[in-house]
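Trainee:
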Amino acid sequence: MRRVLIFILITCVSTSVLADYRKLNKKGNEAYSKRDIEQALKYYQEAEIEKPQEPVLEYNIGTALFDQAKYEDAVKRYSKALLTDDPAFQADAYYNLGSSFFRNEKYAEAINAYQKCLELKPDDVDAKYNLELSRKKLKEQAQNQQNEKQDQQQQDQEKQEEQDQQQQQQGDDQQKQDDQGESEQDQQQQQQQGQQGENGEDKQQQQQQQQGEGEQDKKDQGQQQQGSEGQTEQQEGKGQDEKMSKEDADRILKAIGNAEKDLQKKINRTKVKYGNYDSKKDW
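And the structure:
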């Protein structure tokens, strides 16, 4: 059975108070042995009223609280139970204190308590075992915390990369829209320039044609004034005039052809546990 202290202490108190304290503590131990933890705790607490700060009662209350999984409260009680001059009793208090820390996953504190227990009772095999188990759990806890930290960092990095990709995609889409707008604007400007070029060429051709016709009229008038004299020279001059007009026409057609080629040019943009263990001593 579990170790529940049943100490008979010699104190300088009245016989009635001592009897009441012992009686209540005994009832508590009997209830505890029957696994009626709630009733045992009630008796221990009533005894504490009669004898406050009694290490034995602190120990027994801590034991009942431990069985109720109230480990933080048990730690407080076992810590008070350490205020005793009995090394063996103090060693057991350290043992249960370590077990309370262990169950609360405070492995560093558990290690310290088990070490204190072994200083007082070096041959305590259970304390040695739990000490090593606490060390193992502490390493696992540290590793788990490191893994959790790395996982969190990985999640944060993936989230940041996803946000960066979204921003990059938005930027690419906006750039694509801007480039498309610029390309359309360039095409419109080219079309306007081409239209202006065609109009200029037509006007220039018309002026040249009118000028050529005017010169031809003047030559015809001069030839008519000469009369019949120099008829042969007139025919030769006329042939020469016809040859010059053909050269002018060829030159104009060539200029128009070059202009059309320029208009056809385009600008294309591509963007692209150890299992359960017995935490308390058996008395």
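With the first letter of the sequence shown counted as 1, position 203 gets the number 203 in my numbering; the numbers rise by one all the way through. Backbone N, C-alpha and C define an ideal beta-carbon position, used for all residues, glycine too.
Contact defined as beta carbons within less than 8 Å: I believe Val75 pairs with Phe101. What is the distance between those atoms, to the nearest angstrom?
Mentor: Yes, Val75 and Phe101 are in contact; Cβ-Cβ is about 7 Å, under 8 Å.
Trainee: Per DSSP, what kind of secondary structure is Thr63 in: helix, strand or coil?
Mentor: In this structure, Thr63 counts as helix in the three-state DSSP scheme.
Trainee: Would you check if the region 50 to 64 and the region 77 to 86 touch, i.e. whether three or more CB-CB distances between them fall below 8 Å?
Mentor: Yes, they touch.
Trainee: Nearest-angstrom Cα distance between Tyr21 and Ile49?
Mentor: Tyr21 and Ile49: Cα-Cα distance of roughly 8 Å.
Trainee: Is the Cβ-Cβ distance between Ala81 and Pro55 less than 7 Å?
Mentor: Cβ atoms of Ala81 and Pro55: closer than 7 Å.
Trainee: Using the C-alpha atoms, what's the distance from Gln209 back to Gly239?
Mentor: In this prediction, Gly239 scores a pLDDT of 49, lower than 50, which makes its location untrustworthy; the coordinate-derived value is nonetheless stated afterwards. About 18 Å.
Trainee: Going by C-alpha to C-alpha distance, which of Asn104, Glu105 and Leu97 sits closest to Gln115?
Mentor: When each option's Cα is compared against that of Gln115, the closest is Leu97.
Trainee: Quick check on Asn29: buried or exposed, where buried means 16 or more other Cβ atoms within 10 Å of its Cβ?
Mentor: Counting Cβ neighbours within 10 Å, Asn29 comes out buried, since at least 16 surround it.
Trainee: Got a sec, what are the start and stop residues for the alpha helix (DSSP H) Asp73 sits in?
Mentor: Tyr71 to Ala81 is the span of the alpha helix (DSSP H), which, as asked, contains Asp73.
Trainee: So Leu24 and Glu46 are in contact, right, with Cβ under 8 Å, and what is the actual spacing, rounded?
Mentor: The pair is a contact, with the Cβ atoms about 5 Å apart (cut-off 8 Å).
Trainee: Note down, in chain order, each residue of its chain lying with its Cβ closer than 8 Å to the Cβ of Ile111, except the 5 sequence neighbours on either side.
Mentor: Answer for Ile111: Gly98, Leu131, Ser134, Arg135 and Leu138, listed in chain order.
Trainee: Assuming Ala88 and Lys121 make a contact with CB atoms under 8 Å, what is their CB distance in whole Å?
Mentor: That belief holds up - the Cβ atoms of Ala88 and Lys121 are roughly 7 Å apart, short of 8 Å.
Trainee: Going by beta carbon distance, what residues of the same chain come within less than 7 Å of Tyr71, once the five residues before and after it are set aside?
Mentor: Contacts found: Ser100, Arg103 and Asn104.
Trainee: Measuring straight from C-alpha to C-alpha, what distance separates Glu148 and Ala113?
Mentor: If I take the Cα positions, the gap works out to 28 Å.
Trainee: Given a cut-off of 7 Å on the beta-carbon distance, is the pair Tyr44 and Lys27 in contact?
Mentor: Going by C-beta atoms, Tyr44 is not nearer than 7 Å to Lys27.
Trainee: Helix, strand or coil for Asn96, going by three-state DSSP, please let me know.
Mentor: Reduced to three states, the DSSP call for Asn96 is helix.
Trainee: Once the 5 residues before and after Asp73 are set aside, which same chain residues still bring their CB inside 7 Å of it?
Mentor: Here the set comprises Leu65.
Trainee: Is the beta carbon of Ala127 closer than 7 Å to that of Leu118?
Mentor: Against a cut-off of 7 Å, the Cβ pair of Ala127 and Leu118 comes out as a contact.
Trainee: How is the alpha helix (DSSP H) around Glu109 delimited, first residue to last?
Mentor: Tyr107 to Leu120 is the span of the alpha helix (DSSP H), which, as asked, contains Glu109.
Trainee: Hey, out of Glu184, Arg35, Lys51 and Tyr129, whose CA is closest to Gln68's CA?
Mentor: The shortest Cα separation from Gln68 among Glu184, Arg35, Lys51 and Tyr129 belongs to Arg35.
Trainee: Just to confirm my understanding: we take Glu247, look at its own chain, exclude 5 residues before and 5 after, and list those with CB closer than 6 Å. What are they?
Mentor: Answer for Glu247: no residue qualifies.
Trainee: For a minimum of 3 consecutive residues, which ranges assigned as the beta strand (DSSP E) are wholly contained in the region 111 to 197?
Mentor: Runs found: none.
Trainee: Excluding the 5 residues flanking Ala93 on each side, which residues of the same chain have their C-beta closer than 7 Å to its C-beta?
Mentor: Within the same chain, Ala93 has close Cβ partners Tyr59, Tyr78, Ala81 and Leu82.
Trainee: Taking DSSP as the reference, what is the three-state secondary structure of Gln68?
Mentor: It is coil, neither helix nor strand.
Trainee: Have a look at Gln185 and Asp179 and give me their C-alpha separation to the nearest angstrom.
Mentor: The alpha-carbon atoms of Gln185 and Asp179 are separated by roughly 10 Å.
Trainee: Taking Glu48 as part of the alpha helix (DSSP H), name the residues at either end of that continuous run.
Mentor: Counting along the chain, the alpha helix (DSSP H) containing Glu48 begins and ends at Ile37 to Glu50.
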